[in-house]
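Before any comments, here is the structure.
Residue numbers (our numbering): 51 to 282.
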């Protein structure tokens, strides 16, 4: 499975093609799905362009993607940088009026288990974001079922990111849910290749990298997806 990660925390000054509004996310999701993405991960924005877990903001993005491309799974982030207070994050999830198909929860963040439980209670598939071996151990203590594990290699050095990937993957238990492996920045494409080599799910998009495999600047998310599909 190839997921397109459309925007993350990027802004227009990072890349002019970063989608921010609900309409832009929907249009980009259509293009990425047509290029071969099987799902999209988005960071919905409020009117000021800030990432948000507000029910109206989440609903606008999720409903726009579904209207533009029915059947395309759409997920969001619940990162602590969006709403730092864990109690407020849980309250936001419980107030959502339109539910994404999945949502990522970083296991190392305060309140992660409670956020995961709130998502599960709402019927949203939980993706456990594991950045370190310690995060694996934290995640294994969750009482909440996990639908997918995200092994997220955040180091910029490809060598370090690949070593981190190997260590985190080795720490996963037998019977682990499906794994999606990805990197960021300069490590994006080397980690992508490792995911392909291991037969794991992976992702690509402007959230993770602005560059194509040859080092050229990607014009948009769909071009990144097209490039990724040629490598799978």
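Ideal Cβ placement from N, Cα and C applies to all residues, glycine included.
For clarity, every value in this text was computed on a predicted model and none was experimentally measured.
Cβ-Cβ separation, residue j to residue i (assumed contact under 8 angstroms), whole Å
{"i": "residue 177", "j": "residue 197", "result": "7 angstroms"}
{"i": "residue 235", "j": "residue 257", "result": "Between residue 257 and residue 235 the Cβ distance is about 11 angstroms, and since that is not below 8 angstroms, they are no contact."}
For residue j and residue i, the rounded distance between their alpha carbons
{"i": "residue 95", "j": "residue 112", "result": "12 angstroms"}
{"i": "residue 140", "j": "residue 110", "result": "19 angstroms"}
{"i": "residue 118", "j": "residue 131", "result": "29 angstroms"}
{"i": "residue 115", "j": "residue 179", "result": "23 angstroms"}
{"i": "residue 241", "j": "residue 105", "result": "34 angstroms"}
{"i": "residue 345", "j": "residue 194", "result": "Missing from the structure shown is residue 345; the chain here goes from 51 to 282 and no further."}
{"i": "residue 159", "j": "residue 204", "result": "15 angstroms"}
{"i": "residue 137", "j": "residue 74", "result": "30 angstroms"}
{"i": "residue 247", "j": "residue 64", "result": "30 angstroms"}
{"i": "residue 60", "j": "residue 66", "result": "10 angstroms"}
{"i": "residue 187", "j": "residue 223", "result": "10 angstroms"}
{"i": "residue 142", "j": "residue 97", "result": "18 angstroms"}
{"i": "residue 266", "j": "residue 144", "result": "42 angstroms"}
Paired residues, beta bridge with residue i - DSSP
{"i": "residue 203", "result": "233"}
{"i": "residue 52", "result": "252"}
{"i": "residue 92", "result": "126"}
{"i": "residue 238", "result": "In the DSSP output, where bridge partners are listed per residue, residue 238 has none listed."}
{"i": "residue 261", "result": "267"}
{"i": "residue 178", "result": "155, 199"}
{"i": "residue 101", "result": "95"}
Cβ pair residue i, residue j closer than 9 angstroms
{"i": "residue 255", "j": "residue 56", "result": "yes"}
{"i": "residue 189", "j": "residue 202", "result": "no"}
{"i": "residue 86", "j": "residue 276", "result": "yes"}
{"i": "residue 208", "j": "residue 231", "result": "no"}
{"i": "residue 272", "j": "residue 84", "result": "yes"}
{"i": "residue 211", "j": "residue 183", "result": "no"}
{"i": "residue 238", "j": "residue 219", "result": "no"}
{"i": "residue 121", "j": "residue 101", "result": "no"}
6 angstroms Cβ shell around residue i - same chain, five flanking residues per side excluded
{"i": "residue 91", "result": "53, 55, 125"}
{"i": "residue 192", "result": "163, 166"}
{"i": "residue 108", "result": "94, 146"}
{"i": "residue 76", "result": "114, 115, 118"}
Same chain, Cβ closer than 8 angstroms to residue i, neighbours up to 5 away in sequence not counted
{"i": "residue 150", "result": "108, 112, 124, 125, 126, 174"}
{"i": "residue 251", "result": "51, 52, 53, 198, 228, 229, 230, 231, 245"}
{"i": "residue 99", "result": "61, 70"}
{"i": "residue 253", "result": "52, 53, 54, 55, 91, 230, 232"}
Beta-carbon proximity list for residue i, same chain, < 7 angstroms, skipping 5 on both sides
{"i": "residue 68", "result": "57, 60, 61, 62, 256"}
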